[in-house]
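Okay, structure first, notes after.
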Amino acid sequence: MSSLPARAVVAALRLYQRLVSPLYGPTCRFYPSCSQYAVVAVQRHGVLRGGRLAAWRLLRCNPWNPGGVDDVPPPREHAHRDHSASDYSASRPPNRLTPNSSTTEPTRATRPSD
Numbered sequence: 002m003s004s005l006p007a008r009a010v011v012a013a014l015r016l017y018q019r020l021v022s023p024l025y026g027p028t029c030r031f032y033p034s035c036s037q038y039a040v041v042a043v044q045r046h047g048v049l050r051g052g053r054l055a056a057w058r059l060l061r062c063n064p065w066n067p068g069g070v071d072d073v074p075p076p077r078e079h080a081h082r083d084h085s086a087s088d089y090s091a092s093r094p095p096n097r098l099t100p101n102s103s104t105t106e107p108t109r110a111t112r113p114s115d
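Note that the numbering used here numbers the sequence shown so that position 90 is 91, with each residue one more than the last.
This is the structure:
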């Protein structure tokens, strides 16, 4: 977590945990608490995805949900690969609209006459 927005959101959540949360006592039906879940989600996934996960968690915190252990999902694995020009051209299908291709013009489907 190195971005300034993420640090600001975590600071606001920590302030809530220290000032507001003790007034209500342990009322969360989930473990970890919703505010701790939000802190971990923002630290692990950033403000946008972590905020979305925290909002979804708050929506699930209602009398009809039994609660329980609900950990923040692990970070997504990104399959970054080298996008060199030779790799890109090898995976592209041939352009059918160029004069060098086997067909000079795309064919148009026609409806049979009745």
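Note that beta-carbon positions come from the ideal geometry of N, C-alpha and C, so glycine has one too.
Cutoff 8 Å: residue i Cβ touching any chain B Cβ
| i | result |
| --- | --- |
| residue 53 | This model lacks chain B altogether, as it is built from one protein chain only. |
Where residue i falls, given that 16 or more other Cβ within 10 Å makes a residue buried
| i | result |
| --- | --- |
| residue 58 | buried |
| residue 38 | buried |
| residue 55 | buried |
| residue 16 | exposed |
| residue 24 | exposed |
Expected contact under 8 Å - CB spacing of residue i and residue j to nearest Å
| i | j | result |
| --- | --- | --- |
| residue 40 | residue 11 | 6 Å |
Contacting residues, own chain, Cβ-Cβ under 6 Å from residue i (five flanking each side not counted)
| i | result |
| --- | --- |
| residue 18 | 36 |
Sequence-distant residues of the same chain with beta carbon closer than 7 Å to residue i, five excluded per side
| i | result |
| --- | --- |
| residue 68 | 30 and 31 |
Within 8 Å, strictly: CB atoms of residue i and residue j
| i | j | result |
| --- | --- | --- |
| residue 4 | residue 47 | yes |
| residue 42 | residue 70 | no |
| residue 6 | residue 45 | no |
Close-in-space but distant-in-sequence residues of the same chain around residue i (CB under 8 Å, 5 per side omitted)
| i | result |
| --- | --- |
| residue 14 | 36, 39, 40 and 43 |
Enumerate, from N- to C-terminal direction, the unbroken alpha helix (DSSP H) stretches of 4 or more residues contained entirely within the segment 5 to 33. 5 to 20 and 22 to 25, all fully within the segment 5 to 33.
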